[in-house]
Each structure stands twice: as structure tokens, then as C-alpha cells.
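Okay, structure first, notes after.
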Amino acid sequence: MMRRAAIIVALVIGLVGGVFAQDWTMPITVYSGDRSSSRTVAFGVDYRGTDCFDMGLDVPLVPGMPGSYTCYFIPPCTEGFPEGMDPYLTTDIRSSSDSVYEATWVLRVSGDPSPNPRLVRWNIEDLPLSPDTSGEDTSGTGEDTTGGKAWAEVLQIGARIEGSDDTPTWVDMSTVDSFLFSPGYEVVIHAVMVGGVDHLPPWVENEYPSDGASGILVQDSILFDIRDDVAGVDLSSVSVILTFTNGSLDSTADITDDCIVAPIAGTGGYHFVYNHPGINLP
């Protein structure tokens, strides 16, 4: 007997909002594939910042010689740029207000003919990370010990194909001081401030069978991973619904409690396995 299987995963994550904070700017240096050229750019947050061009905060890219090596941020909003300027930034400042408290920067490189991976470097000591990422007051005084700074609880870097909406495989910027990415890819940096809300939802990957797959044996196991590198996955919010058809019978079943669940080390996620119990469906 054959079956067509589809996995539906419902995720509802509830998190706590944030508090007021000030600003920071973080420089990074991007090297060409052959390391013969480099450019330093900066990203950061400010209570006056927006997703659009902010005069006095953002720095637009000054065009160079045609074909010359350069790198720049792609802001989500193109309004407000000086006339004649492309909507690219070498310094990209976003909002640190408690209604946002999270930001994602997209960085691209142009004018690099090398087939080798490009390199991003930064100084770990310069990262605006909170000295107490637990979110609790450890001073014993009940006072704000951060000096009003918009401390980051999470700073991550990853890469994806240019122009795609794929979720990168995140790397914690506090654990390494460099990152490699391939030609044709763009760099993505993600920050969540202390007390901020993580708006990037968990995602499902490494599915077997893939959603909508056909010709799947009844005895085959169902495998997939659920990940969230920022807030982690709340298992109580996860439901696993299996739907199938064998050509004459359609059925749906909640198999959440029948899955074997194991944490994925270092990723803030879980690996799910569902072993079919026998010939009866599902």
C-alpha cells in the first residue's frame, strides 16, 4: 500500500515585550574573495532610526568607479534617499524603540570577480551585547545597570542566495569573529534587544517526506526539524497533523503525542520522528 503524506506544523509563540533604550553602531569589514580588497560598513540602532533613510544617521553609498569592489546594505524602505543616490547604505541605522526592538540587515557585495568565498570580520569585544543576557537585575540594587544602552541579547549572522527570503543558518556573532559566504549570496545580520520580541517565527526544515510527496510507503518514518535560534521552540505550542490519501481514502490525524522528540544541540530546536505503528492508517 502506498500513501501521499503532508506534514502541517502549527506554531504559536508568545514572548514578552521590551523597554526603552538608546543607540549603538557596530562596524564590520568585508573582504573580497581573493582578500585583495576590503570595505568597512556599519549597522546599528538609534531611538531616532527608521527602516527608511535617516538623514544624520544613515550613510548612503557613494558610487565608485564602474566595476569597482564595494559592499552595502539593502534597507527595507527606499524613501528619503538623496536625489541621484541609489538606495544603498554603508551605515544602516534602525530603530531601538520598544515597539520594534529587533532588526535585520541585508548586506551585498558587488565588483568582486573572484570565485572564492568572501570574508566578513568583526571585533567580538565591540559587540553591543548585554553583560547579563538573562534579562534579570543582578546588581542587587534594583537599578538599571546598562546605562540606558540598547543592549543586544542576540546578534546573529548568516547567508542566503541574493534576493531570496530563505532563512539563513544562523551563527552567533559572539562565538566567532569572522564569517565566510559564497559568491551569489548575501549576508543577513539579525539583532534582538534585551527584553525585545523575536518576530522571526520558528521554521521547519529537513522534512521527509516533503510536503505533498507521493509514492511514500506506509512503513516509512516521518522526519523533520523545528528550529528557532533566537527564542527557542516552545514544545507546548507545537502540533503535528498528518494528512494522507491512498487514492480512495482521505484521512487526517493528530500525531503530536506519537512523535519522538529530541533537542538539536546548539540550535534552539528539536528533531521529530514519527514511526508508523502498522498497516492501519494513519
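Just so you know, the sequence shown maps onto residues 148 to 429 in our numbering.
No residue lacks a Cβ here, since even glycine has one placed at the ideal position from N, Cα and C.
The structure presented is a predicted model; accordingly, all values stated were derived computationally and were not measured.
Q.
As a quick exercise: from Leu254, Pro264, Asp404, pick the residue whose alpha carbon is nearest that of Val335.
A. Within the sequence shown, residue 335 is the residue found at index 188, counting from 1. Minimum Cα distance to Val335 is reached at Leu254.
Q: Count the CB pairs spanning the stretch 226–234 and the stretch 318–333 that are closer than 8 Å, and state whether there are at least three.
A: Contact fails between the stretch 226–234 and the stretch 318–333, because fewer than three Cβ pairs, one in each stretch, are under 8 Å apart.
Q) Over what stretch of residues does the beta strand (DSSP E) that includes Cys218 continue unbroken? A) One-based indexing of the sequence shown puts residue 218 at position 71. That run of the beta strand (DSSP E) goes 217–220.
Q: Count the other CB atoms, across all protein chains shown, that sit within 10 Å of the CB of Thr197; report buried if there are 16 or more and exposed otherwise.
A: Locating residue 197 in the sequence shown gives position 50, counting from the first residue. Flag for Thr197 reads buried.
Q | Spatial distance of Gly203 from Val188 (CA atoms) | A | On the sequence shown, position 56 is the one that residue 203 refers to. On the sequence shown, position 41 is the one that residue 188 refers to. Roughly 16 Å between the two C-alpha positions.
Q) Between the beta-carbon of Pro234 and the beta-carbon of Gly180, is there less than 8 Å? A) As a working note, residue 234 is residue 87 in the sequence shown. As a working note, residue 180 is residue 33 in the sequence shown. Not a contact, by the Cβ cut-off of 8 Å.
**Q.** Backbone secondary structure at Leu208 - three-state DSSP
**A.** On the sequence shown, position 61 is the one that residue 208 refers to. Three-state result, Leu208: coil.
(Q) Which residues does DSSP list as the beta-bridge partners of Arg307? (A) Along the sequence shown, one-based indexing puts residue 307 at 160. Looking at the DSSP assignment, Arg307 forms a beta bridge with Glu333.
Q) Who are the Cβ neighbours of Asp367 in its own chain at under 6 Å, not counting the five residues just before and after it? A) Position 220 of the sequence shown, counting from 1, holds the residue named residue 367. Within the same chain, Asp367 has no close Cβ partners at all.
**Q.** Ile363 vs Gly416 beta-carbon contact at 8 Å
**A.** Along the sequence shown, one-based indexing puts residue 363 at 216. Along the sequence shown, one-based indexing puts residue 416 at 269. The criterion of a C-beta distance shorter than 8 Å is not satisfied by Ile363 and Gly416.
(Q) I'd like to know whether the C-beta of Ser243 is nearer than 8 Å to at least one C-beta of chain D. (A) Considering every chain present, this structure includes no chain D. It has just one protein chain.
Q. Secondary structure at Thr399, three-state DSSP: helix, strand or coil?
A. Here residue 399 corresponds to residue number 252 of the sequence shown, with the count starting at 1. Note: Thr399 maps to strand in three-state DSSP.
Q) In terms of DSSP beta bridges, what is Arg374 paired with? A) By one-based count along the sequence shown, residue 374 stands at place 227. Partner(s): Trp350, Gly416.
(Q) Are the CB atoms of Trp269 and Ile175 within a distance shorter than 8 Å? (A) Here the question's residue 175 lines up with position 28 in the sequence shown. Here the question's residue 269 lines up with position 122 in the sequence shown. Yes, these two residues count as a Cβ contact at 8 Å.
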